[in-house]
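Engineer:
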Amino acid sequence: PLRNAGDAAMQLSNRRAVLGIFVADTSVRALKKRSGANKRKIKQNIQSKKNLHFVCFGLQMFSGLIDMVAVRDVNPDPMFKCLTARRIQFDAEAPSATYLWFLHAAEDKETERVAFHFTPGNTSGTTRAIVDSDTSHPVVARFPYTDYSSCGVLEQNYFGYQCTLWVSDEAKDSISPECLRQYEDICGESVSLYDKNICDKAQE
61 PLRNAGDAAM QLSNRRAVLG IFVADTSVRA LKKRSGANKR KIKQNIQSKK NLHFVCFGLQ
121 MFSGLIDMVA VRDVNPDPMF KCLTARRIQF DAEAPSATYL WFLHAAEDKE TERVAFHFTP
181 GNTSGTTRAI VDSDTSHPVV ARFPYTDYSS CGVLEQNYFG YQCTLWVSDE AKDSISPECL
241 RQYEDICGES VSLYDKNICD KAQE
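Positions 61 to 264 (the working numbering) are the ones given, in order, by the sequence shown.
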């Protein structure tokens with residue numbers, strides 16, 4: 061039994077103090093948990109935006125074009141003559157895509173193969189390309205135009221600046237006027253990379 065009212069008041073005060081500490085501790089833990097969840101949500105949102113950029117500017121082009129032919133480029137380097145590419149990997153969820161380039165230009169050498177692995181870039185409208193597993197020197201690529209089925213424009217720096225018109229293998233001999241118009245508007249003056257007679261022999 062309590063001796064007097066003072067002891068009762070002190071005990072009540074102590075209980076309130078303990079309860080206050082418990083409530084404060086619970087609130088701090090709840091805030092930390094909420095903060096952690098917010099950080100994860102922000103990180104997920106950033107990744108989602110990167111994926112959205114990739115979907116809008118690159119992924120749909122990749123989804124529609126499997127075997128491709130480079131028909132025009134602003135880069136006059138003869139190494140790109142008769143350049144073709146084949147999609148060997150595609151993941152719409154990741155998202156990512158890998159293309160194997162075939163450089164046929166050198167008549168005295170075997171066809172050179174170069175792999176480009178594309179993932180979302182760090183800024184809107186770009187993708188990041190790893191060339192032949194060289195993660196130290198990623199290439200930033202842009203896809204300013206595609207009709208999602210027969211053609212697309214690729215901008216990147218690979219052995220110099222490239223602004224390339226890629227078309228599906230089926231469309232290489234009958235490119236749509238709209239693809240050519242869009243390419244000229246984006247890239248300007250260019251050189252031809254594809255000649256049916258020469259390139260058919262180079263690919264034999």
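Glycine included, each C-beta is placed from N, C-alpha and C at the ideal position.
What does the Cβ neighbour count give for Arg173, buried or exposed, with the cut at 16 atoms within 10 Å?
Structural biologist: The count along the sequence shown starts at 1 and reaches residue 173 at position 113. Arg173 should be labelled exposed.
Engineer: From Lys232 to Ile148, what does the alpha carbon distance come to, in whole angstroms?
Structural biologist: For the purposes of this step, residue 232 is taken as the residue at position 172 of the sequence shown. For the purposes of this step, residue 148 is taken as the residue at position 88 of the sequence shown. About 20 Å.
Engineer: Taking the alpha-carbon positions, what's the Arg132 to Val191 distance?
Structural biologist: Counting from 1 along the sequence shown, the entry for residue 132 is found at position 72. Counting from 1 along the sequence shown, the entry for residue 191 is found at position 131. Going from the Cα of Arg132 to the Cα of Val191 covers about 21 Å.
Engineer: For Arg173, which residues does DSSP report across the bridge?
Structural biologist: Taking the first residue of the sequence shown as 1, we reach residue 173 at position 113. DSSP, once it has assigned bridges, lists Phe162 as partnering Arg173.
Engineer: Considering just the uninterrupted stretch of the alpha helix (DSSP H) at Leu240, what are its terminal residues?
Structural biologist: Working through the sequence shown from its first residue, we reach residue 240 at position 180. Pro237 to Cys247 is the span of the alpha helix (DSSP H), which, as asked, contains Leu240.
Engineer: For Glu244, is the classification buried or exposed, using 16 other Cβ atoms within 10 angstroms of its Cβ as the cut-off for buried?
Structural biologist: Along the sequence shown, read from residue 1 onward, the residue named residue 244 stands at position 184. Classification for Glu244: exposed.
Engineer: Check whether the stretch 249-257 and the stretch 155-162 touch, using three or more Cβ-Cβ pairs below 8 Å as the test.
Structural biologist: No, because fewer than three Cβ pairs between the stretch 249-257 and the stretch 155-162 fall closer than 8 Å, the two stretches do not touch.
Engineer: Between which two residues does the beta strand (DSSP E) holding Cys211 run?
Structural biologist: For the purposes of this step, residue 211 is taken as the residue at position 151 of the sequence shown. Element bounds for Cys211: Cys211 to Asn217.
Engineer: Alpha carbon to alpha carbon, how far is Ile235 from Val227? Give it in angstroms, no decimals.
Structural biologist: Position 167 of the sequence shown, counting from 1, holds the residue named residue 227. Position 175 of the sequence shown, counting from 1, holds the residue named residue 235. Looking at the two C-alpha atoms, the distance is approximately 7 Å.
Engineer: Determine the direct distance from the alpha carbon of Ser193 to that of Ala175, and round the result to whole angstroms.
Structural biologist: Here the question's residue 175 lines up with position 115 in the sequence shown. Here the question's residue 193 lines up with position 133 in the sequence shown. When rounded, the distance between both Cα atoms is 8 Å.
Engineer: Within a Cβ cutoff of 8 Å, which residues of the same chain sit near Arg188, ignoring the five residues on either side of it in sequence?
Structural biologist: If you number the sequence shown from 1, residue 188 lands on position 128. Phe178, Thr179, Pro180, Gly181, Asn182, Pro198, Val199, Val200 and Ala201, listed in sequence order.
Engineer: Just list the residues that DSSP pairs Pro180 with in beta bridges.
Structural biologist: Walking along the sequence shown from the start, residue 180 turns up at place 120. According to DSSP, which records beta bridges pairwise, Pro180 is partnered with Thr187.
Engineer: In the DSSP assignment, find the unbroken alpha helix (DSSP H) run with Cys223 in it and report its ends.
Structural biologist: Residue mapping note: residue 223 aligns to position 163 of the sequence shown, counting from 1. No alpha helix (DSSP H) holds Cys223; the beta strand (DSSP E) holding it covers Tyr221 to Ser228.
Engineer: Whole angstroms is fine: what's the gap from Pro136's alpha carbon to Gln222's?
Structural biologist: Here residue 136 corresponds to residue number 76 of the sequence shown, with the count starting at 1. Here residue 222 corresponds to residue number 162 of the sequence shown, with the count starting at 1. Cα-Cα distance, rounded: 9 Å.
Engineer: Give every residue of the same chain whose Cβ lies closer than 8 Å to the Cβ of Glu153, excluding the five residues on either side of it in the sequence, and list them in chain order.
Structural biologist: Reading the sequence shown from its first residue, position 93 is the one you call residue 153. Closer than 8 Å at the Cβ level, and outside the excluded window around Glu153, lies no residue.
Engineer: Helix, strand or coil, according to DSSP, for Asp137 in the structure here?
Structural biologist: The sequence position of residue 137 within the sequence shown is 77, counting from 1. Asp137 falls in the coil class under three-state DSSP.
Engineer: Count the other CB atoms within 10 Å of the CB of Pro237; is the residue buried (16 or more) or exposed (fewer)?
Structural biologist: To locate residue 237, count along the sequence shown from 1; it is residue 177. When all chains shown are included, Pro237 counts as exposed.
Engineer: Just confirm the distance between the C-beta atoms of Gly212 and Tyr205, as a whole number of angstroms; I'd bet it's less than 8 Å.
Structural biologist: Taking the first residue of the sequence shown as 1, we reach residue 212 at position 152. Taking the first residue of the sequence shown as 1, we reach residue 205 at position 145. That pair is a contact at about 7 Å.
Engineer: In terms of alpha-carbon separation, which member of Gly185, Thr144 and Gln242 lies closest to Asp260?
Structural biologist: For this step, residue 260 is matched to residue 200 along the sequence shown. Among Gly185, Thr144 and Gln242, the Cα nearest to that of Asp260 is on Thr144.
Engineer: Taking its Cβ as the centre, do 16 or more other Cβ atoms sit within 10 Å of Gln242, making it buried, or is it exposed?
Structural biologist: Numbered from 1 along the sequence shown, position 182 holds the residue referred to as residue 242. So Gln242 counts as buried.
Engineer: Report, in whole angstroms, the separation of the C-beta atoms of Val134 and Cys247, which I expect to be a contact under 8 Å.
Structural biologist: Residue 134 sits at position 74 when you count from the first residue of the sequence shown. Residue 247 sits at position 187 when you count from the first residue of the sequence shown. That pair is a contact at about 5 Å.
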